[in-house]
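Protein chains in written order, with the numbering used here: chain A, 3 to 321; chain B, 3 to 321. The C-beta atom is built at its ideal place from N, Cα and C for all residues, glycine as well. Quick caveat: nothing in here was measured; it's all calculated off a predicted structure.
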């Protein structure tokens, strides 16, 4: 019998969102639960997901119509199906999540981290349709990446490849990153990195700025965007700085895998041209001449509210 | 009929070396010609190769025993079989070398650049046997790289992936590189880069050193090695500096493709532990914690005199 649907599960630190998706990337049914309602027992969390999924599955005609389940999870390892030492989840150590869920649901289940899932989603339904070689960069609270070569996500020797947010962007006096090292791209080009840049410029200069009307500690990347749209020079300088670091690193990433495109995804991309223009300019200024004006820089084409579920679901078509 | 041999051709700016290789990586016959004897006509160069090859082929029992020809060439593009705008060859523009040679010889021919050929050679006959994910770094006049993921060399969208020598190692006041940009790894970690480091330290300090007995302009990486072996502090400082830049970049490369090993090849590796020790130390200091003490750093196991021919020949087993 035909199996026209897949299930995507996006596991975040706060909420777990799941949906049923068709081959064109339409989310036909969707629901969510709290991730940390049962910090003491992962099996109760699995029960919650199963209850929610069963309801959605009935709406689309039963389990026979579901090809598989894809999960995007923090520190998810595609090879093992395990979640390994995820700092923002309540269950510690190594969790055999894909196995637990597929045993419970009797549906084949694949799992990877959220940035890799986003790459597969973009290739299946979004801006990377038809591309065999591209790099997905997710610009959210952190900076993640999913690298696709010859149509396959790069998982590497151990399943954890593609941590481009933790390549070093600023070698001298670099900012401390959440990973404990200094100078990582993530400490600059994430939403939190943009807010840190704002505070640094406001503290170290006396330039006039709309951002000075806000308590420094509460400034967000959204505030920087709002100020830039109103022509604020400091806010524009912040995007120029962020775009420069991203563009310089993109030039290095191209030297690695010679992708057709680099695709940016996540909250920071709402800045649109304020981000895109300096990223492209600095990438072109820094890239080796054989790749000048050859590599596209694009924004994700997935609707943000559905993107994580779509990305996770796309994994299941390959099961 | 059984075809137990492949042919490897290593095209350098000065000499073109070719050999017949068996499945265990033994070079059973070998010869060489001048690369630039016929700068006016590539077809005369092809004639020279054909004459040389025919002689070797007769020695091993005729064309029926040859599975294919592999060529390692500057700016060689695996996808097209073309040599494209190679600065150190006498023929300009785009040369359809694989087609010209296979038409002439009536033997299937594959072509790639020398660093990619070295990676395939190492996987077939050397330190990377059995590995599916590793990075080859060639440390010669320049710094080249061949990246293997899931058992395949990464060629990227256009055939030119893997230019890790042209990722930026020193962002502020970086040295001018042969590619016209500044701060490339190649400007530091190549044999010529090591010699530049020597001259910089000798000029900018008054530290005592055996290297001061040589005319500054003539100092080579070999001289630095010889001085280091004798305990010269400046020479040791040069290897420490070179090893630091390489180790820092290796940490970034690991974040990309999570390889099982990084394998160093080329003239600079003769320095042995003088290079290996600081490379490993700085790599471990800089790598993301999930990869600490997990990624091997190795030297090539191919005999240097045969390595380029072996690497090129290995391509032909896949034909």
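In this structure, how does DSSP classify residue i when only helix, strand and coil are distinguished?
| i | result |
| --- | --- |
| residue 53/A | helix |
| residue 323/A | In this structure chain A extends from 3 to 321, so residue 323/A is not present and cannot be described. |
| residue 34/B | strand |
| residue 290/A | coil |
| residue 17/A | strand |
| residue 24/B | strand |
| residue 74/A | strand |
| residue 171/B | coil |
| residue 302/B | coil |
| residue 295/A | coil |
| residue 62/A | coil |
| residue 79/B | strand |
| residue 43/B | coil |
| residue 308/A | helix |
| residue 160/B | coil |
| residue 313/A | helix |
If you draw a straight line from the alpha carbon of residue i to that of residue j, how long is it in whole angstroms?
| i | j | result |
| --- | --- | --- |
| residue 75/A | residue 90/A | 10 Å |
| residue 45/B | residue 216/B | 44 Å |
| residue 219/A | residue 236/A | 17 Å |
| residue 111/B | residue 251/B | 34 Å |
| residue 302/A | residue 149/A | 14 Å |
| residue 61/B | residue 83/B | 28 Å |
| residue 88/A | residue 278/A | 31 Å |
| residue 249/B | residue 146/B | 15 Å |
| residue 67/A | residue 165/A | 35 Å |
| residue 246/B | residue 180/B | 21 Å |
| residue 262/A | residue 125/A | 12 Å |
| residue 12/A | residue 4/A | 25 Å |
| residue 158/B | residue 207/B | 44 Å |
| residue 187/A | residue 52/B | 51 Å |
| residue 271/B | residue 223/B | 11 Å |
| residue 144/A | residue 167/A | 7 Å |
| residue 2/B | residue 233/A | No answer is possible for residue 2/B: the residues shown for chain B start at 3 and end at 321. |
| residue 296/B | residue 242/B | 22 Å |
| residue 244/A | residue 198/A | 11 Å |
| residue 306/B | residue 99/B | 25 Å |
| residue 175/A | residue 257/A | 25 Å |
| residue 170/B | residue 254/A | 7 Å |
| residue 94/A | residue 290/B | 20 Å |
| residue 41/B | residue 92/B | 5 Å |
| residue 153/A | residue 130/A | 10 Å |
| residue 292/B | residue 85/A | 13 Å |
Tell me whether residue i, by its Cβ, gets closer than 8 Å to a heavy atom of the ligand NAP.
| i | result |
| --- | --- |
| residue 122/B | Ligands in the displayed structure: none, and consequently the ligand NAP is not present. |
Please work out which residues of its chain come closer than 6 Å, Cβ to Cβ, to residue i, disregarding the five sequence neighbours upstream and downstream, and give them in chain order.
| i | result |
| --- | --- |
| residue 268/B | 140, 141 and 142 |
| residue 116/A | 74 |
| residue 71/B | 9, 109, 111 and 318 |
| residue 178/B | 184 |
| residue 173/B | 185 |
| residue 282/B | 299 |
| residue 189/A | 177, 179 and 195 |
| residue 316/A | 122, 123 and 126 |
| residue 229/B | 212, 213 and 237 |
Going along the chain, which residues of its own chain have a beta-carbon closer than 7 Å to the beta-carbon of residue i, five neighbours each way excluded?
| i | result |
| --- | --- |
| residue 200/A | 213, 221, 226 and 240 |
| residue 63/B | none |
| residue 151/A | 135 and 259 |
| residue 58/B | 22, 31 and 33 |
| residue 54/A | 20, 33 and 35 |
| residue 24/B | 6, 7 and 30 |
| residue 161/A | 79, 80, 81 and 82 |
| residue 138/B | 117, 120, 121, 124, 147, 148, 265 and 267 |
| residue 14/B | 37 |
Using a Cβ-Cβ cut-off of 8 Å (strictly less than) and excluding sequence neighbours within five positions of residue i, which residues of its own chain qualify?
| i | result |
| --- | --- |
| residue 102/A | 44, 45 and 48 |
| residue 16/B | 36, 37 and 38 |
| residue 28/A | none |
| residue 155/A | 80, 114, 118, 121, 122, 148, 149 and 164 |
Counting only runs that start and end within the segment 230-281 of chain A, where is the beta strand (DSSP E) found for 3 or more residues in a row? 263-267
Length-filtered (4 minimum) alpha helix (DSSP H) runs lying within the segment 83-144 of chain A: 99-107 and 116-127
Sequence ranges, alpha helix (DSSP H) only - wholly within the segment 177-222 of chain A, length at least 4: 188-191 and 193-206
Pull out every residue of the segment 250-265 of chain B whose Cβ sits closer than 8 Å to any Cβ of chain A, in chain order. 250, 253, 254, 255, 257, 258, 259, 260, 261 and 262
Under 9 Å (Cβ pairs) to chain B, residues found in the segment 128-150 of chain A: 133, 134, 135, 136, 147 and 149
Determine which residues of the segment 218-245 of chain B have a Cβ less than 7 Å from any Cβ of chain A, and write them out in chain order. none
For the segment 150-169 of chain A, enumerate the residues whose C-beta is nearer than 8 Å to any C-beta of chain B, in chain order. 151, 152, 154, 156, 157, 158, 159, 160, 161, 162, 163, 164, 165, 166, 168 and 169
Using a Cβ-Cβ cutoff of 9 Å, what residues of the segment 180-208 of chain B are near chain A? List them in chain order. 181, 182, 183 and 186
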